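Single-structure report; data block below.
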Amino acid sequence: MSRVTVDFSNSDRFLRNMRDAAHDGLAVAAEGLRGKLKRNMGSEGGTRTGNKRYESSPPGSFPGVRTNRLRGSIARTNPRRLSVLVGTNVKYGLFLEKGTARMAPRPWLLRTMIAEKATINRTFSRAAARSAARRVIR
Numbered sequence: 054m055s056r057v058t059v060d061f062s063n064s065d066r067f068l069r070n071m072r073d074a075a076h077d078g079l080a081v082a083a084e085g086l087r088g089k090l091k092r093n094m095g096s097e098g099g100t101r102t103g104n105k106r107y108e109s110s111p112p113g114s115f116p117g118v119r120t121n122r123l124r125g126s127i128a129r130t131n132p133r134r135l136s137v138l139v140g141t142n143v144k145y146g147l148f149l150e151k152g153t154a155r156m157a158p159r160p161w162l163l164r165t166m167i168a169e170k171a172t173i174n175r176t177f178s179r180a181a182a183r184s185a186a187r188r189v190i191r
């Protein structure tokens, strides 16, 4: 018969290790989402034509890449209090996401998050489990 003994006499240390493992999982999952957001930019149109004129991506598709400013600005924060932010501080990122009175939306952030939900969850779970195993199991 196999037996496992779990000692919670030092529960503060255990909880700290679990929180740190969750932060590690969040960081890995957020970095994966950040990469996917960058790869989606320009993947459905929005290019320069032969005469160097820019043709925007069709409404509803991922935004095209004109200057690389938005794609280059996509970043993530370091995990704190079991949360992490992924996005941009470039103002027109919101205009592309939601549209304006003169432009139809080219959703890129929420659309990617919804499409990648399962991958984000799986990545988080695996990374947090690996981190927890390194921190707790000895």
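Quick note, the numbering used here runs 53 ahead of the 1-based positions in the sequence shown. We treat Cβ as the ideally placed atom computed from N, Cα and C, and that holds for glycine. These numbers come from a predicted model, not from an experiment.
Note on geometry: alpha-carbon atoms of GLY152 and TRP161 lie some 11 Å from one another. CA-to-CA, the gap between ALA74 and ARG87 works out to about 20 Å. Around the beta-carbon of LEU163, fewer than 16 other beta-carbon atoms lie within 10 Å, marking it exposed. In the three-state DSSP reduction, VAL189 falls in the helix class (H, G or I).
Cβ neighbours of ALA157 within its own chain (closer than 8 Å, five residues either side excluded): PRO112 and GLY113. With a cut-off of 8 Å on Cβ pairs, the segment 68-84 is in contact with the segment 168-184, counting three or more such pairs. For ASN70, the enclosing alpha helix (DSSP H) starts and ends at 64-93.
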